[in-house]
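In this note's numbering, the protein residues as written are 3 to 97. Using N, Cα and C, we set each Cβ at its ideal position, and we do this for glycine too.
Written out as structure tokens, the structure is:
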């Protein structure tokens, strides 16, 4: 949402056994998000199709976190601009 319109929303983890942010075919399996580290194979691009393969609380869709003192328009605009400049060179990757 932030990349599109600079909107900031609060986020709370709900008690769950499955990752509630999971979107099929949108995330690669990594050592940091794999529920079973044995499923990760270095050098192999593994796009996850099954929510059961990832940890329930892994951040899979990206997170922008700012201190309360940095929520002013100046900081939001600077961060938004920098993120969009990088996005032009390389699309977001969720791991």
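For residue 4, the enclosing alpha helix (DSSP H) stretches over residues 4-7. Under the 10 Å beta carbon count, residue 56 is surrounded by 16 or more other beta carbons and is classified as buried.
In the displayed model, residue 53 falls within a helix according to three-state DSSP. In this structure, 32 is the residue among 32, 63, 50 and 72 with its C-alpha nearest to the C-alpha of residue 44. Counting only the Cα atoms, residue 34 lies some 20 angstroms from residue 13. When C-alpha distances from residue 18 are compared across 27, 53 and 80, the shortest belongs to 53. For residue 43, there is no enclosing alpha helix (DSSP H), as DSSP marks it with neither H nor E. The beta carbons of residue 24 and residue 62 sit closer together than 9 angstroms. Per the coordinates, the alpha-carbon of residue 71 lies some 14 angstroms from the alpha-carbon of residue 10.
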